[in-house]
Amino acid sequence: MEGVGGNAASAVAPLAKWRNDFARIFQYYLDRSTPHTVHRWLGTLVIALIYILRVYYVQGFYIVSYGLGIYILNLLIGFLSPKVDPELEALDGVSLPTKETDEFRPFIRRLPEFKFWYAITKAFVVAFSMTFFSVFDVPVFWPILVCYWIVLFVLTMKRQIMHMIKYKYIPFSMGKQKYTGKKSSARSNGLSKD
């Protein structure tokens, strides 16, 4: 009896070891790709173009594309939203500044850029693999799905932009700000003394 149980455990052990090794190597390359933002997004763009070409040539899988679009819209909302939502959280010192006199707090996303990229890339890979199974090719009238998705996108983005305006935050930074405040008035005062 011990031999039977031992053989089953020994047969599973190499599979578990291989899976563990693969996960470690995958995580290693994922960690190495972290600082290369442009290259990561270009790779995702290539994957998205391959998916779009596949759907175009097959002339199907519109419901998969619609689901992918809804999922990406959901990820975009998480990417554009602050980690601590001022509407939902009580003022406990962790909220966004709402007045000019409030202390500056950097914008922290609910969904960081790397996780946003990784989720979108995985979504395109899963959607691409779904196009090889006819069970996911549900016949639908795709123009209605496109129109509904556009309406959903516009309404969702309108709500998100209104939230940004109400709580005065911008989810993008263009680098370090340079202040050139009172230098011009100091020069004019210096010139008038001469």
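Following the working numbering, the residues of the sequence shown are numbered contiguously, the last one being 231. Note that beta-carbon positions come from the ideal geometry of N, C-alpha and C, so glycine has one too.
Of all alpha-carbon atoms in L182, L105, P149 and I109, the one lying nearest the alpha-carbon of F165 is that of L105. Short of 8 Å from the beta carbon of M167, and not among the five residues preceding or following it, lie these beta carbons of its own chain, in chain order: F98, V101 and F173.
P176 sits in coil when the DSSP states are folded into three classes, being neither helix nor strand.
Assignment of R146 by DSSP, reduced to helix, strand and coil, places it in the strand class.
Note that the C-beta distance between R146 and F178 is not below 8 Å.
Q197 places its beta carbon less than 8 Å from that of I114.
In this model, M199 and S118 are separated by some 12 Å (Cα to Cα). In this structure, the alpha-carbon of G80 lies about 19 Å from that of V92. Not a single unbroken stretch of the beta strand (DSSP E) spanning 3 or more residues falls wholly within the segment 77 to 124. R77 and S70 have their C-alpha atoms spaced approximately 7 Å apart. In the three-state reduction of the DSSP assignment, Y206 falls in the coil class, being assigned neither a helical nor a strand state. Around the beta carbon of A53, a 10 Å sphere encloses fewer than 16 other beta carbons of the protein chains shown; the residue is thus reported as exposed. Looking at D122, Y185 and V95, the one whose alpha-carbon comes closest to that of L148 is D122. A residue is called buried once 16 or more other Cβ atoms fall within 10 Å of its Cβ, and Y185, having fewer, is exposed. DSSP places F169 in the coil class of the three-state scheme, outside both helix and strand.
In the three-state scheme derived from DSSP, where H, G and I count as helix and E and B as strand, P72 is classed as coil. Within a 10 Å sphere around the beta-carbon of Y66 sit fewer than 16 other beta-carbons, which makes this residue exposed. With a 10 Å radius around the Cβ and a threshold of 16 neighbouring Cβ atoms, I181 comes out exposed. Contact between F161 and I62 is absent: CB atoms are separated by about 22 Å, not below the 8 Å threshold. Between F153 and L189, the C-beta spacing is not below 8 Å.
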